[in-house]
Amino acid sequence: MHYIYLLINIAVIFFPLVLSFDKKVHFFSKWKYIVPAILITGVVFLIWDLLFVKLDVWSFNPDYLIGVYLWGLPLEEMLFFLTVPYACVFIYECLNAYFPKNELQKYSLALSNLFLGLCIAILFFGFHHWYTLINFGFLFIVLAYVEYVNVKLRFMYKFYRAYLVALIPFYIVNGFLTAIPVVIYNNKENLNFRVGTIPFEDHFYLMSLLLMNVYLYEWFKSRAKN
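Just so we're aligned: 30 in the UniProt record's numbering is position 30 of the sequence shown, and the numbers increase by one with no gaps anywhere.
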């Protein structure tokens, strides 16, 4: 039982890691871009995580942890910020390699504006919940920067497609984490609306996590070309 969260992490990264040597995607050749992207993003989200533990936004069930903690966070939670981003960016690259034609290119700006508007609306009504406030505030800042400030990198149409596909393993993995539960949420600090057992905010937490990783990944690749 104590290995549940660790096994989930291993399951998340196992196939993306093995398939990284696929001849068409050649994801292993891009590790020099994905590793710094994951590490930088991981530091930001670990600080976020530590803050949420202090604020009692969420906690971790010791029955499903091996008992190794660093700076107050379980080792498995730290691995989460390595395994999940790696798997998601792998999905992003596979889709780009196997399905280069992407109709979302026509609608990506409209989608971004829709999500920015959603962030503003939810912040207006839910700002008194810590998870809601920080989650949607962070997503608004990152999304607005990527779409309207950093105009040289145009990848959001590819990002949205990868995000939609990543929701499939998200529902499986996060479903386990929240149903067992491995992660225990304080409903006073969120909107207390769930899709199954998954808090509504988690969908946009994934979006923020994936967007920051993909942006940095694309940024490191663009620098290497210059």
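A virtual CB, placed ideally from N, CA and C, is assigned to each residue, including glycine.
Nothing here was measured: the structure is a model prediction, and the numbers come from that model.
Assign residue i to one of three DSSP states: helix, strand, or coil.
i           : result
Y69         : strand
V182        : coil
residue 227 : It is not possible to answer for residue 227, since the shown part of the chain is limited to 1 through 226.
F60         : strand
V35         : helix
R194        : strand
P100        : coil
Assuming residue i is part of the alpha helix (DSSP H), what are its boundary residues?
i    : result
P27  : According to the sequence as given, residue 27 is Phe; it is not Pro. No alpha helix (DSSP H) holds F27; DSSP gives it neither H nor E.
G137 : 130 to 144
H203 : 200 to 225
Terminal residues of the continuous beta strand (DSSP E) containing residue i?
i   : result
F21 : No beta strand (DSSP E) contains F21, which DSSP labels as neither H nor E.
Measure the C-alpha to C-alpha separation of residue i and residue j and round it to an integer number of angstroms.
i    : j    : result
R154 : P62  : 43 angstroms
F136 : I120 : 8 angstroms
N177 : W58  : Correcting the residue identity first, residue 177 is Leu in this sequence and not Asn. Spanning the two alpha carbons is a distance of roughly 12 angstroms.
L55  : W130 : 8 angstroms
H128 : N9   : 32 angstroms
N113 : L104 : 14 angstroms
L191 : V182 : 20 angstroms
A11  : K32  : 23 angstroms
I13  : L206 : 16 angstroms
I38  : L79  : 11 angstroms
D22  : L95  : 13 angstroms
T132 : V195 : 15 angstroms
N187 : Y217 : 34 angstroms
F193 : F200 : 6 angstroms
I4   : V214 : 28 angstroms
Assuming residue i and residue j form a contact by the criterion Cβ under 8 angstroms, report the distance between their Cβ atoms to the nearest whole angstrom.
i    : j    : result
S108 : Y160 : 6 angstroms
I184 : W48  : The pair is not a contact, with the Cβ atoms about 17 angstroms apart (cut-off 8 angstroms).
F220 : P16  : Contact doesn't hold; Cβ gap of about 19 angstroms is too wide.
L65  : H26  : Actually they are not in contact, since the Cβ atoms of L65 and H26 sit about 36 angstroms apart, beyond 8 angstroms.
L73  : L46  : 7 angstroms
K30  : E93  : 7 angstroms
F90  : S20  : 7 angstroms
Taking 8 angstroms as the cut-off, does the segment 123 to 141 touch the segment 155 to 167 (at least 3 CB pairs, one atom from each stretch)?
Touching, no.
Touching by the beta-carbon criterion (3+ pairs, under 8 angstroms), the segment 170 to 179 and the segment 95 to 113
Short answer: they don't touch.
Below 8 angstroms, can you find three or more Cβ-Cβ pairs linking the segment 84 to 94 to the segment 203 to 214?
yes
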